[in-house]
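Visitor: Below is the structure I would like to discuss, written out as structure tokens.
Numbering (this note's numbering), first residue to last: 27 to 960.
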């Protein structure tokens, strides 16, 4: 691959060259024979002002480009560089369109040679990367990217990235290259040229596949790791003494300091398992709870020969348990411990279905082509076949639905059974001592007709404060416009030549065996009516939501409770439309079911392609049946135990409308279906108690204190020395003034505190609206110009990406809402100030809160003290837990919401966190304190 590549990056005045936007910096890096041979960069005068936004992004100002040349002056140099080369850029169409425009305007021909987009190439060759932004890829590949958004720095990093990607390409097996080559015609980049060259090169030599790869039925993939047979050593006694435990820990941790809390927790978990009791254990930050429950779980599994299940709420914690904690556990114990991670079946790829899609002659769309290429590369690397590893586009997720693992009626391709990732995961789980799964899977297993978790009677529920919320979601249903439209769109009308068209053509071909109780044209008419009725249903849902919402100025998102039994005309319209939609859906299901049943009878006469088509139809039929059940559950159940609500975005009402239905209370269900059937369930979290009492969480879970072990294990950190909590006394009460006034006051405080702490500050909000307005005001003020101000929902990116960016800058301030109150881990000096803008009470008009409060009231209890307050205290504790993550951290908590000291109930918040010094003062006092203390 001794081609010449010219990697180009441009900074511009905007993103529309056709509307007169211009280049302000051009940079190129030349690669020949696999080495960087030349760099060239020039500022350019755009003959128009540079906007403040572009100046902030690039650091380039009008003064800097005033004496720079016009593009026409450097055009001959640019053309010389590009002569006979591949044009390469990160998001190539952007840079190329600008360059073409400027070249043509300067009187030259444009560039018409081959192009490579490094975004596209990275998507294919690094399919598991979290993000394909240049700065994120640079971090992943260990490249030094000093000045993002400056063309010379961006071009150089892109060139280094290209060399890494070309090297990766060169090392792919011939078989994979040939399949990628077949697919590459539909890409933006001219990668077919590179594939061609590499294939010719590899065909001229004998290829030796690496030991860990194999080729099965034409697809190269990683061989299954066969675990080494482990010697079974004697059962050990549980280490009751401190010294015995210490010896065990020293095997895994080179310098282990005794943590008595961790030892206490181990004893409690072991006792709960031994005595067949349920336990609630609150373990403060730094106790080391993962190891504290893994050790007794492994010992119990070893003694009893039974599997112990560990369930978490987040995939992040599952990964941590598997990759970080399990290796430590194995070093600690003298017997082998086998752990397996098990997820729902649709997480795993069906190799038979995927192989079939590679044989399809149909012309794929761009997302499907890219996804197929990503998966071909991923199969060389994955041990699990789990889609959570892949970074697919939303169109790629639609393709995944075609190839996900589920019950197959038609495609029984037995040749793939030995390489079925789901069966592998189940097999590993069957023989595992410890199975790691998530709350959703644990709950699904309760109601599934056939259990996919092996028999178990002992379970640890980590992140236990989420178990009730996960149960509510799980036992509820949701209906959203986009999912329904996508599902019906995949079936399509006959003339749209989607699934329905293909099904009818196939049925016609095999007509002598198929009973047409519903004729093709009737079914087509039915699909047309369903599409109309679906739009109608979501239209009347939108009308109901707008009529019954209490509009808040500037708020685009509505959340409105739906009352099933009321007799107003909007709710009647919704119920009538839902009933009509349900009837039509039932007829459609009947018609498709009839065809699937008939084809199943003659499946031996079908070709592989026809079987794959019928598999897709059968999968869609299941989804339609699920949709029908959802509609019944949401609109036809009139139980006071259910709450139904609508969420919509008024800016695109129809596309962004979802209806939810959930049980108001899951405690009875959990008690009968789960806790009464398990011998011992240990629920643990850093936040289970309120004012040292477990009453609230026990009630939510349907458990009784006298039948449980309850224990609080405090954090080993010295909060008295490591934390100061400050409450400003010069802010207005949050509910006493209009939103604008409150935002203006807190923005001033944030600026002063931010300057004093030099950033390193996390600010937790309870509403997106307040966060957005505060962010805008801080940016407008111009006071924190040299700070990176990162705001959830304003700055794009996932929670983990925003956190990573926050840690990358020296002076950074991070504004977050809901998901930032927990699970964010920023140890050390990266975070030294935590601001809590308001106490995290759920809005009383939120449908779920409203319904719960009504129920509590009907039982003669006080909704505020029985529900709203304890829920807010637990969230507050989660928020406070973000600050101190290690024994050497030091930090300041500032609570802007003065209700924490001005109300009676404020004490509940302070009494529920570790004892810390509390100070009140005006902003000048706070700034002085920061300077002296931090």
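Quick reminder that beta carbons are idealized off the backbone N, C-alpha and C, glycines included. From a predicted model like this one, the values you see are computed outputs, not experimental measurements.
From the DSSP secondary-structure annotation, give me the bridge partner or partners of residue 919.
Guide: BP columns for residue 919 point to 751 and 860.
Visitor: Would you mind working out which of 813, 164 and 337 sits nearest residue 471, comparing C-alpha positions?
Guide: The shortest C-alpha separation from residue 471 is found at 337.
Visitor: What span of residues does the alpha helix (DSSP H) with residue 999 cover, start to end?
Guide: Residue coverage of the chain in this structure runs from 27 to 960, which leaves residue 999 outside it and unanswerable.
Visitor: Can you tell me which of the three DSSP states residue 928 falls into?
Guide: Correct three-state label for residue 928: helix.
Visitor: Starting from the N-terminal side, write out each stretch of the alpha helix (DSSP H) that is 4 residues or longer and does not extend beyond the segment 624 to 684.
Guide: With a minimum length of 4 residues, the continuous alpha helix (DSSP H) runs that stay inside the segment 624 to 684 are 634 to 662.
Visitor: Straight-line CA distance for residue 73 to residue 102?
Guide: Each residue's alpha carbon lies about 20 Å from the other.
Visitor: Taking only the alpha-carbon atoms, compute the straight-line gap between residue 301 and residue 646 and give it to the nearest angstrom.
Guide: Going from the Cα of residue 301 to the Cα of residue 646 covers about 47 Å.
Visitor: Could you tell me the boundaries of the beta strand (DSSP E) in which residue 304 lies?
Guide: Unbroken beta strand (DSSP E) run through residue 304: 304 to 309.
Visitor: Here's the rule: buried if 16 or more other CB atoms are within 10 angstroms of the residue's CB, otherwise exposed. What is residue 476?
Guide: Classification of residue 476: exposed, given that the 10 Å Cβ count is below 16.
Visitor: Residue 374 bridges to which residues according to DSSP?
Guide: DSSP lists 412 as partners of residue 374.
Visitor: Are the Cβ atoms of residue 393 and residue 361 separated by less than 8 Å?
Guide: In this structure, residue 361 does not lie closer than 8 Å to residue 393 by Cβ.
Visitor: In three-state DSSP terms, what is residue 202?
Guide: Three-state DSSP puts residue 202 in a helix.
Visitor: Taking the alpha helix (DSSP H) that residue 123 falls in, what are its first and last residues?
Guide: Looking at the DSSP string, the run of the alpha helix (DSSP H) that includes residue 123 is 118 to 131.
Visitor: Residue 377: which of 331, 347, 353 and 428 sits nearest, CA to CA?
Guide: Cα-wise, what sits closest to residue 377 is 428.
Visitor: Measure the CB-CB distance between residue 335 and residue 482 and report whether it falls below 8 Å.
Guide: Yes, they are a contact pair.
Visitor: Assess, as a yes-or-no matter, whether the segment 827 to 840 is touched by the segment 897 to 912 under the definition of 3 or more beta carbon pairs within less than 8 Å.
Guide: The segment 897 to 912 is not in contact with the segment 827 to 840.
Visitor: Taking only the alpha-carbon atoms, compute the straight-line gap between residue 112 and residue 41 and give it to the nearest angstrom.
Guide: For residue 112 and residue 41, the distance between alpha carbons rounds to 23 Å.
Visitor: Closer than 6 Å by C-beta to residue 574: which residues in its own chain qualify, once you throw out the five before and the five after it? Chain order, please.
Guide: For residue 574, where only same-chain residues beyond five positions count, the Cβ hits under 6 Å are 586.
Visitor: Taking its Cβ as the centre, do 16 or more other Cβ atoms sit within 10 Å of residue 193, making it buried, or is it exposed?
Guide: It is exposed - the Cβ of residue 193 has fewer than 16 other Cβ atoms within 10 Å.
Visitor: Which term fits residue 535, buried or exposed, when burial requires 16 or more other beta carbons within 10 angstroms of its beta carbon?
Guide: Looking at its Cβ environment, which holds fewer than 16 other Cβ atoms inside 10 Å, residue 535 is exposed.
Visitor: Rounding to the nearest angstrom, what Cα-Cα distance links residue 520 and residue 557 in this structure?
Guide: So the two alpha carbons sit approximately 13 Å from each other.
Visitor: Look at the alpha carbon of residue 705 and the alpha carbon of residue 303, and state the distance between them as a whole number of angstroms.
Guide: The straight-line gap from Cα to Cα measures roughly 7 Å.
Visitor: Among the residues of its own chain, which have a CB less than 6 Å from the CB of residue 276, if the five just before and after it don't count?
Guide: Excluding sequence neighbours, residue 276 sits near 282.
Visitor: Once DSSP output is grouped into helix, strand and coil, what is the label at residue 524?
Guide: In this structure, residue 524 counts as coil in the three-state DSSP scheme.
Visitor: Considering only the beta carbon of each residue, do residue 177 and residue 51 sit closer than 8 Å?
Guide: Cβ atoms of residue 177 and residue 51: closer than 8 Å.
Visitor: Would you kindly work out how many angstroms separate the C-alpha atoms of residue 48 and residue 924, rounded to a whole number?
Guide: The alpha-carbon atoms of residue 48 and residue 924 are separated by roughly 51 Å.
Visitor: Between which two residues does the beta strand (DSSP E) harbouring residue 507 extend?
Guide: From DSSP, residue 507 is part of no beta strand (DSSP E) but of the alpha helix (DSSP H) over 507 to 517.
Visitor: Going along the chain, which residues of its own chain have a beta-carbon closer than 8 Å to the beta-carbon of residue 385, five neighbours each way excluded?
Guide: These residues qualify, in order along the chain: 634 and 635.
Visitor: In its own chain, which residues sit with a C-beta less than 7 Å from the C-beta of residue 582, not counting the 5 before and 5 after it?
Guide: Excluding residues within five positions, the ones whose Cβ falls inside 7 Å are 675, 676 and 677.
Visitor: Hey, residue 372 and residue 502 are a contact pair by Cβ (cut 8 Å); roughly how many whole angstroms apart?
Guide: That belief does not hold up - the Cβ atoms of residue 372 and residue 502 are roughly 19 Å apart, past 8 Å.
Visitor: Which residues bound the beta strand (DSSP E) around residue 484?
Guide: Segment 484 to 487, the beta strand (DSSP E) holding residue 484.
Visitor: Take residue 151 and list the residues in its own chain whose beta-carbon comes closer than 7 Å to its own, dropping the five residues that flank it on each side.
Guide: The answer, listed in chain order, is 191, 194, 195 and 403.
Visitor: Measuring alpha carbon to alpha carbon, tell me which of 324, 249 and 286 ends up nearest residue 310.
Guide: Here the closest residue by C-alpha is 286.
Visitor: Could you tell me the boundaries of the alpha helix (DSSP H) in which residue 831 lies?
Guide: 825 to 834 is the extent of the alpha helix (DSSP H) around residue 831.
Visitor: How many Å lie between residue 927 and residue 933 at the Cα?
Guide: Straight-line Cα distance between these residues: approximately 7 Å.
Visitor: Alpha carbon to alpha carbon, how far is residue 845 from residue 829?
Guide: In a straight line, the C-alpha of residue 845 is about 12 Å away from that of residue 829.
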